[in-house]
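What follows is the structure in structure tokens.
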């Protein structure tokens, strides 16, 4: 990827190593006093262990072609990473011992390492080096980790003692507790790997335990993401709307399609979460899958449907109880899928039509109608665009490629 800086230098990404990007800067005009150089960000113990830009030259001169400079840079970066892996300090040109760049080492309690890393990420956010979504996800995964550590009395355990087995146990526990899907699992795994990579970079630990931990395969899961055709959506809406026995499922389906509210969140929705005057639903953090408060603006259709479903039931009732009707007891999150399969069987609908696929279909048709990936990510409250794309990528691959609309050639 190439960008232009203020002095019109050409900046070229060379390699990523242990979370560090190595780039080559080539001046537009190479002179004896303005030559190409490699740069990367590394902890500088002379500045309190904060990340600082390290710059290394010697990759080309005024008589070298750009192709040769790029090849030289690739060899140079390989040599630099080998030195860094052995403890080389690019600012002092000395080899440092483990743990001296920051006040942590392999014997430090994991909770101290967690707190240090979050503080470091907050500083990077304030310096505009990472975005709001990144810092939010970092905090979420550490909160999940601390919850698991607390339950197993591991808060004081030495950071150097954690292995891939511990990581697998953590994710197994949280997946069962939070009902994480494969994509969510892999996203949090990536965030946790960033934490341990940071500690490895600072020589606090020698290995990243996440590297050998289980990663979920989603390669063969495309059937889960089948998108409804427009005719299928219209037919199913008519059938649900006109069958009183499935009115509650109709409301839940509309809520899933219109607002992307997850089934497990719908099971936690209570009547007092609805503000009729302001026409909003507020799901507090303890009721959402990502532990973040979510507020949904009710349109006229959803307001009417909820009013009809709820009638004069007590405020403490769950909106979706047994038979998808308000009740003092919630239903299991699998209930919607079971109810939908019964509906599908009654009307002899195709088995590839699934309840949760309404959410994926909503995302796809939003994109078709001109919405941006980012707006869809926000609507889904996804941790990253990777997750958003994963849900609809199969359908996107089947789209007919249109010719360009510009006629300059």
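In this note's numbering, the protein residues as written are -15 to 393. Yeah, the Cβ is synthetic: ideal placement off N, Cα and C, and Gly gets one too. Quantities reported herein were computed from a predicted structural model and do not represent experimental measurements.
Q | One or two residues paired with residue 73 in a DSSP bridge | A | Paired residue(s): 78.
**Q.** Distance between residue 199 and residue 255 (C-alpha atoms, nearest Å)
**A.** Between residue 255 and residue 199, the alpha-carbon positions lie close to 39 angstroms from each other.
**Q.** Best match in 266, 153, 347 and 188 for proximity to residue 250 [C-alpha to C-alpha]
**A.** Residue 266 is the option with its Cα nearest to residue 250.
Q: With DSSP as the reference, label residue 333 as helix, strand or coil.
A: In the displayed model, residue 333 falls within coil according to three-state DSSP, outside both helix and strand.
Q. What residue range is occupied by the uninterrupted beta strand (DSSP E) comprising residue 23?
A. Residue range 21 to 28 is occupied by the beta strand (DSSP E) that includes residue 23.
**Q.** Cut-off 6 angstroms between Cβ atoms - residues of its own chain near residue 309, not counting five sequence neighbours on either side
**A.** For residue 309, where only same-chain residues beyond five positions count, the Cβ hits under 6 angstroms are 232.
Q. What separation, rounded to the nearest whole angstrom, lies between the Cα atoms of residue 154 and residue 167?
A. Using only the alpha carbons, I get a separation of about 16 angstroms.
Q) In chain order, what residues of the same chain lie with their CB nearer than 6 angstroms to the CB of residue 133, ignoring the 5 residues before and after it? A) 139, listed in sequence order.
Q) Among the residues of its own chain, which have a CB less than 7 angstroms from the CB of residue 246, if the five just before and after it don't count? A) Contacts found: 273.
Q) Which same chain residues, not among the five before or five after residue 210, have their C-beta less than 7 angstroms away from its C-beta? A) Excluding sequence neighbours, residue 210 sits near 336 and 341.
Q. So residue 266 is in the beta strand (DSSP E); what residue range does that whole segment cover?
A. Per DSSP, residue 266 belongs to the beta strand (DSSP E) from 264 to 267.
Q | Cβ contact (3+ pairs, closer than 8 angstroms) linking the region 49 to 58 and the region 25 to 38 | A | Fewer than three beta-carbon pairs drawn from the region 49 to 58 and the region 25 to 38 are found closer than 8 angstroms, and the two stretches are therefore not classed as touching.
Q: Compute the distance between the beta-carbons of residue 7 and residue -2, then report whether it is under 8 angstroms.
A: Contact flag set, yes.
Q.
To the nearest angstrom, how far is the alpha carbon of residue 179 from that of residue 75?
A. A straight line joining the alpha-carbon of residue 179 with that of residue 75 spans about 24 angstroms.
Q) Would you call the region 229 to 243 and the region 291 to 306 touching, i.e. three or more CB-CB distances under 8 angstroms? A) Yes, the region 229 to 243 touches the region 291 to 306.
Q: With residue 1 as the anchor, note down where its beta strand (DSSP E) starts and where it stops.
A: Here the beta strand (DSSP E) through residue 1 covers -6 to 1.
Q. Relative to the C-alpha of residue 365, which residue among 332, 348 and 243 is closest?
A. Of the residues 332, 348 and 243, the one whose Cα lies closest to the Cα of residue 365 is 243.
Q) Is the distance from the Cβ of residue 162 to the Cβ of residue 194 below 8 angstroms? A) For residue 162 and residue 194, no; Cβs fall outside 8 angstroms.
Q. What are the partner residues of residue 34, as DSSP defines its beta bridges?
A. In DSSP, residue 34 forms a bridge with 28.
Q | Backbone CA spacing between residue 37 and residue 281 [nearest angstrom] | A | Residue 37 and residue 281: Cα-Cα distance of roughly 45 angstroms.
Q) Which residues in the same chain have their Cβ closer than 7 angstroms to the Cβ of residue 223, if we skip the five residues on either side of it in sequence? A) Take residue 223, set aside five residues on each side of it, and the residues of its chain with a beta-carbon closer than 7 angstroms to its own are 331, in chain order.
Q) Hey, how far is the Cα of residue 260 from the Cα of residue 288? A) Inter-residue distance for residue 260 and residue 288 is about 11 angstroms (C-alpha atoms, whole angstroms).
**Q.** Euclidean distance between Cα positions of residue 269 and residue 346
**A.** Rounded to whole angstroms, residue 269 to residue 346 spans 24 angstroms at the Cα level.
Q: Sort out for me which residues DSSP pairs residue 279 with in a bridge.
A: Answer by DSSP bridge pairing, in chain order: 266.
Q | Contact under 8 angstroms by Cβ, residue 122 with residue 102 | A | Between residue 122 and residue 102, the C-beta gap is smaller than 8 angstroms, which places the two residues in contact.
Q.
Short of 7 angstroms in beta carbon distance, which residues of its chain neighbour residue 236, apart from the five on each side in sequence? Order them along the chain.
A. Within the same chain, residue 236 has close Cβ partners 250, 304, 308 and 320.
Q: May I ask which residues mark the beginning and end of the beta strand (DSSP E) holding residue 9?
A: From DSSP, the beta strand (DSSP E) with residue 9 extends over 4 to 10.
Q: Tell me whether residue 44 is buried or exposed, calling it buried when 16 or more other Cβ atoms sit within 10 Å of its Cβ.
A: Buried, by the Cβ-count rule.
Q.
One question on the structure: do residue 192 and residue 201 come within less than 8 angstroms of each other, judged by their Cβ atoms?
A. No, these two residues do not count as a Cβ contact at 8 angstroms.
Q.
Can you tell me whether residue 17 is buried or exposed? The criterion is at least 16 other CB atoms within 10 Å of its CB, across all chains shown.
A. It is exposed - the Cβ of residue 17 has fewer than 16 other Cβ atoms within 10 Å.
Q: Check whether the Cβ atoms of residue 343 and residue 240 lie closer than 8 angstroms to each other.
A: Contact: yes.
**Q.** Helix, strand or coil at residue 39 according to DSSP, with G and I counted as helix
**A.** The answer is strand: DSSP assigns residue 39 an E or B state.
Q: Keeping to the same chain, check which residues put their C-beta closer than 8 angstroms to that of residue 88; ignore five residues upstream and five downstream.
A: For residue 88, where only same-chain residues beyond five positions count, the Cβ hits under 8 angstroms are 96, 97, 100, 143, 183, 186 and 188.
**Q.** alpha helix (DSSP H) segment containing residue 255, residue limits
**A.** In the DSSP assignment, residue 255 falls outside any alpha helix (DSSP H) and carries neither an H nor an E.
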